[in-house]
Amino acid sequence: MHSMKALVAATAAFAAALGGGLVMATSANATAPNVCRSDTKGDLAPIATNLKIDSCYREWTDGTVSSVFGFANSTGLTVTYCAHAIDALNPGGPWAWDFGCSTPTPASNGTANPGTYYAPPNGGQTFAPPTGDPYVISAGAWVNGTYVGDVESPRFY
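Going left to right, the sequence shown walks through residues -30 to -1, 1 to 127 as mature numbering (1 follows the signal peptide of the UniProt record, and there is no 0) numbers them.
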C-alpha cells in the first residue's frame, strides 16, 4: 500500500511538472494572427486554372516566422504547396529561407503548412529573419510536375 501511494504521488508530481512545462512552452510560443496577402488584396491569387492561393506569415513571440496559407483547388488534381522567404530588397537574389512543402493533397479548400511534408536540410518550418531588410513569403504549388505561383505576402522584418 505504501509503495502504491508513493507511486501515485510521484506520478502526480511528474504530471504536474510536465503540465507546467507544457503551459510554459505553449505561452512562450503564442502567436499573433496570420498576416496575409488577401488582407489587403481581398481574395486569393490565381496561380493556375482553377487554383488560387494566399501567401501568409505568422510571427511567433520568439521572433521567428512561419508560412501558413489558404488555398482553393477546383482542378481535381493533387497539389503540393510550398513557400520560401525572399529579401524584398533583393527579390532576384537567392532565397533567404526555404520553408519546404506541405503534404500533397487533393483537397479542394484548406490550409497549407509548408515544411510538414518536406523540410529541406538548410530550411524548415520557421525562419529567423536577420534584422534590417524586409522579407516576404513567396508561396506556390507543384501541379502535375510544374511549379506555379510566386504569390507574395506583406512584408515583415
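Where a beta carbon is used, it is the ideal one built from N, C-alpha and C, also for glycine.
{"Query": "At the level of alpha carbons, what is the spacing between residue 31 and residue 95?", "Result": "15 Å"}
{"Query": "So what's residue 78 in DSSP terms, helix, strand or just coil?", "Result": "coil"}
{"Query": "Taking the straight line between their C-alpha atoms, what separation do you get for residue 22 and residue 100?", "Result": "30 Å"}
{"Query": "Taking just the CA atoms, how far does residue 89 sit from residue 53?", "Result": "11 Å"}
{"Query": "Look at the alpha carbon of residue 97 and the alpha carbon of residue 76, and state the distance between them as a whole number of angstroms.", "Result": "28 Å"}
{"Query": "Out of curiosity, what's the CA-to-CA distance linking residue 121 and residue 108?", "Result": "5 Å"}
{"Query": "Can you tell me the Cα-Cα spacing of residue 129 and residue 56, whole angstroms?", "Result": "This structure leaves residue 129 out entirely; the chain is present only between -30 and 127."}
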